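Enquirer:
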Amino acid sequence: MKMNGKTILVTGSTDGVGRYVARRLAEDGARS
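Using the working numbering, read the sequence shown as starting at 1 and increasing by one per residue.
1) Between V10 and G16, which are expected to be in contact by the criterion C-beta below 8 Å, what is the C-beta distance as a whole number of angstroms?
2) Mapping DSSP to helix, strand and coil, what is R24?
3) Can you give me the C-alpha to C-alpha distance between G29 and S13, rounded to a whole angstrom?
4) Measuring straight from C-alpha to C-alpha, what distance separates L22 and K2?
5) Just verifying my parser: in three-state terms, what is the DSSP assignment at V51?
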C-alpha cells in the first residue's frame, strides 16, 4: 500500500496490534 504523503495515526501503540503496526511503519520509513 502506498502511504507517501499520508498522515497515519496509530492508537494503542504500546501493546498488541498497535505496537506491531507502529513498529512495521517505522521499519518502512515512517516518521514520528
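All C-beta atoms in this analysis are idealised placements derived from N, C-alpha and C, irrespective of residue type, glycine included. As the structure is a computational prediction, the values presented were derived from the model and not from experiment.
Expert: The short version:
1) By one-based count along the sequence shown, residue 10 stands at place 10. By one-based count along the sequence shown, residue 16 stands at place 16. About 11 Å; that fails the 8 Å criterion.
2) Counted from its first residue, the sequence shown places residue 24 at position 24. R24 falls in the helix class under three-state DSSP.
3) Position 29 of the sequence shown, counted from the first residue, corresponds to residue 29. Position 13 of the sequence shown, counted from the first residue, corresponds to residue 13. Rounded to the nearest angstrom, the two C-alpha atoms are 17 Å apart.
4) As a first step, residue 22 is located in the sequence shown; it is residue number 22 there, counting from the start. As a first step, residue 2 is located in the sequence shown; it is residue number 2 there, counting from the start. In the sequence as presented, Leu is not what sits at residue 22; that position holds Ala. So the two alpha carbons sit approximately 16 Å from each other.
5) A question about residue 51 goes unanswered here, because the residues of the chain that appear run from 1 up to 32.
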